[in-house]
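Shown next, in structure tokens, is the structure this report addresses.
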Ligand SMILES: [Zn+2]
């Protein structure tokens, strides 16, 4: 298991480098990331984890797909984005983003609703697929990590409220943004 870095660790602001060869080390790192995100099948810590978050500056992240499976995405790219963003959706369809580097904090991030993406999987196969909410947001959130961008940047820019989950009940309470 790898240690998940908390904000404001400087690695979270660095740009990860493309993976040129999916070699043994890269595979081991990806496996370690999977173990970190999901120590046990019934104990998944989040919906995504980017390499920067565990101090590895390679363009690799893991996200939960619509199937429920965790997918290793190497050299991920967004090929096309919808003009429509989540803010166009009715309020009840809005969801809050969180981040393992900001334990307990959540906020609304407006992003394109639908995206067409490509990435390489662990078998070096190029996958192209279209993602819809919330998986489109997972992908964009993790891709941002590889570019040193954090969800709090959007919250700060849009002045969206920030919420903190109560440690015991999990209930969200609006809080003053300390970031
Ligand atoms: Zn994150």
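In the numbering used here, the protein residues as written are 609 to 787. We put the beta carbon where it would ideally sit given N, CA and C, even for glycine. Since the structure is predicted, the reported quantities are computational estimates derived from the model, not experimental observations.
(message) Please report the straight-line C-alpha distance between residue 724 and residue 644, rounded to a whole angstrom.
(response) Taking the first residue of the chain shown as position 1, residue 724 is located at position 116. Taking the first residue of the chain shown as position 1, residue 644 is located at position 36. Between residue 724 and residue 644, the C-alpha separation is close to 27 Å.
(message) Out of 631, 651, 704 and 700, which one is the CA nearest neighbour of residue 746?
(response) Indexing the chain shown from 1 puts residue 746 at position 138. For the residues 631, 651, 704 and 700, the minimum Cα distance to residue 746 belongs to 704.
(message) Please give the ranges of any alpha helix (DSSP H) in the region 714 to 770, keeping only runs that are unbroken, at least 4 residues long and fully inside the region.
(response) 743 to 754 and 759 to 766
(message) What would DSSP say about residue 635, mapped onto helix, strand or coil?
(response) Position 27 of the chain shown, counted from the first residue, corresponds to residue 635. Helix at residue 635.
(message) In this structure, how does DSSP classify residue 642 when only helix, strand and coil are distinguished?
(response) Position 34 of the chain shown holds residue 642. The answer is helix: DSSP assigns residue 642 an H, G or I state.
(request) Identify the continuous beta strand (DSSP E) that holds residue 674 and give its terminal residues. (result) In the chain shown, residue 674 corresponds to position 66, counting from 1. Premise fails: residue 674 is in no beta strand (DSSP E) and is neither H nor E.
(request) Along the beta strand (DSSP E) that carries residue 656, what are the first and last residues, could you check? (result) In the chain shown, counting from the first residue as 1, residue 656 sits at position 48. Residue 656 -> beta strand (DSSP E) spans 656 to 658.
(message) Checking the sheet assignment: what are the DSSP bridge partners for residue 782?
(response) Mapped onto the chain shown, residue 782 falls at position 174. 771.
(message) With H, G and I counted as helix, E and B as strand and the rest as coil, what does DSSP make of residue 611?
(response) Here residue 611 refers to the residue found at position 3 of the chain shown. Reduced to three states, the DSSP call for residue 611 is coil.
(request) Return yes when the C-beta of residue 681 is under 7 Å from any heavy atom of ligand 1, and no when it is not. (result) Here residue 681 is taken as the residue at index 73 of the chain shown, counted from 1. Residue 681: no, Cβ never under 7 Å from ligand 1.
(message) Assuming contact is defined by CB atoms lying nearer than 8 Å, are residue 658 and residue 714 in contact in what I supplied?
(response) Position 50 of the chain shown, counting from 1, holds the residue named residue 658. Position 106 of the chain shown, counting from 1, holds the residue named residue 714. Taking 8 Å as the Cβ cut-off, residue 658 and residue 714 do not qualify as a contacting pair.
(message) Quick check: residue 751 and residue 684, are their CB atoms within less than 8 Å of each other?
(response) On the chain shown, position 143 is the one that residue 751 refers to. On the chain shown, position 76 is the one that residue 684 refers to. Yes. Within cutoff.
(request) Name the residue from 787, 665 and 652 whose alpha carbon lies nearest to the alpha carbon of residue 578. (result) Given a span of 609 to 787 for the chain in the structure shown, any question on residue 578 remains unanswerable.
(message) Going by C-alpha to C-alpha distance, which of 787, 756 and 757 sits closest to residue 771?
(response) Sequence index remark: in the chain shown, residue 771 carries index 163 (1-based). Residue 787 is the option with its Cα nearest to residue 771.
(request) Whole angstroms is fine: what's the gap from residue 672's alpha carbon to residue 615's? (result) For the purposes of this step, residue 672 is taken as residue 64 along the chain shown, with counting starting at 1. For the purposes of this step, residue 615 is taken as residue 7 along the chain shown, with counting starting at 1. If you take the alpha carbons of residue 672 and residue 615, they lie about 22 Å apart.
(message) I'd like the span of the beta strand (DSSP E) that includes residue 684, first residue to last.
(response) One-based indexing of the chain shown puts residue 684 at position 76. Residues 678 to 689.
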